[in-house]
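Asks: Just dropping this structure here.
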Amino acid sequence: MTSSLPLLLLALCSLSAAEAQLTVFNLRASDLPSGIVVTTDGYVKVFCGSASLGETSVRNNDPNPWWEEKFTYFQGQENDVLRLEVHDSDIFFNDLLGVCQRQINFMREHDCFLESGGLLHYSYTLNGNNQ
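And the structure:
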């Protein structure tokens, strides 16, 4: 009769190395900069480490947009870098308004001041064995 202890240890080790589900949501901005003639057409690109999680829809002519999209990443881990890029959509090229970047930790809501002006607020959860 063979022992099942090695298999049990292997299963436990693989569980402890498992990754968690990161969900980014509740993205909203305030006081985005406007040009002389037009108001910002803002959208946000979301990244975790080197993985692109997608981008929001464009909110036309709105200096205080709110986006309904949620972004999920199943390989997230505590201390991964979460990066959000706020852009202004234009006909010929899109302007980068600012970047919010921080390590995923116990803080779940953040406000980030953008380089070109304005503020981005976002929330996230990290569910799994890493929390």
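For reference, each letter of the sequence shown is one residue, going -20 to -1, 1 to 111 in mature numbering (1 follows the signal peptide of the UniProt record, and there is no 0). Don't be surprised by glycine CBs; every beta carbon is placed ideally from N, CA and C.
Return the bridge partner residues of V18 from the DSSP annotation.
Replies: For the purposes of this step, residue 18 is identified with residue 38 of the sequence shown, where counting begins at 1. In the DSSP output, where bridge partners are listed per residue, V18 has none listed.
Asks: In the DSSP assignment, what are the bridge partners of K25?
Replies: Numbered from its first residue, the sequence shown carries residue 25 at position 45. In the DSSP output, where bridge partners are listed per residue, K25 has E35 and E65.
Asks: Leaving out the 5 sequence neighbours to the left and right, which residues in its chain are closer than 8 Å to K50 when beta-carbon positions are compared?
Replies: If you number the sequence shown from 1, residue 50 lands on position 70. So the list reads T3, V4 and F5, once near-sequence residues are dropped.
Asks: Give me the Cβ distance between P45 and R8, rounded to the nearest whole Å; I'm assuming they're in contact under 8 Å.
Replies: Mapped onto the sequence shown, residue 45 falls at position 65. Mapped onto the sequence shown, residue 8 falls at position 28. Right, the Cβ-Cβ distance comes to about 7 Å (below 8 Å), so this counts as a contact.
Asks: With distances taken between CB atoms, is the gap from V61 to L77 smaller than 8 Å?
Replies: Residue 61 sits at position 81 when you count from the first residue of the sequence shown. Residue 77 sits at position 97 when you count from the first residue of the sequence shown. No, the Cβ-Cβ distance between V61 and L77 is not below 8 Å.
Asks: What number of angstroms, rounded off, separates the C-alpha of E(-2) from the C-alpha of Y104?
Replies: On the sequence shown, position 19 is the one that residue -2 refers to. On the sequence shown, position 124 is the one that residue 104 refers to. Looking at the two C-alpha atoms, the distance is approximately 16 Å.
Asks: Hey, out of R82, L12 and V26, whose CA is closest to N59's CA?
Replies: Locating residue 59 in the sequence shown gives position 79, counting from the first residue. Nearest C-alpha to N59: R82.
Asks: Taking only three categories from DSSP, how would you classify G78?
Replies: Locating residue 78 in the sequence shown gives position 98, counting from the first residue. Here G78 sits in strand by DSSP.
Asks: Considering only the beta carbon of each residue, do V24 and E35 sit closer than 8 Å?
Replies: On the sequence shown, residue 24 is found 44 positions in, with the first residue counted as 1. On the sequence shown, residue 35 is found 55 positions in, with the first residue counted as 1. A contact, by the Cβ cut-off of 8 Å.
Asks: Helix, strand or coil for R88, going by three-state DSSP, please let me know.
Replies: To locate residue 88, count along the sequence shown from 1; it is residue 108. R88 falls in the coil class under three-state DSSP.
Asks: Compute the distance between the beta-carbons of D21 and N40, then report whether it is under 8 Å.
Replies: Here residue 21 corresponds to residue number 41 of the sequence shown, with the count starting at 1. Here residue 40 corresponds to residue number 60 of the sequence shown, with the count starting at 1. Yes; because the gap between Cβ atoms is below 8 Å, this pair is in contact.
Asks: Between which two residues does the beta strand (DSSP E) harbouring F72 extend?
Replies: Within the sequence shown, residue 72 is the residue found at index 92, counting from 1. No beta strand (DSSP E) holds F72; DSSP gives it neither H nor E.
Asks: Use the C-beta contact count for F93: other C-beta atoms within 10 angstroms, 16 or more gives buried, fewer gives exposed.
Replies: Residue mapping note: residue 93 aligns to position 113 of the sequence shown, counting from 1. F93 is exposed by the Cβ-count criterion.
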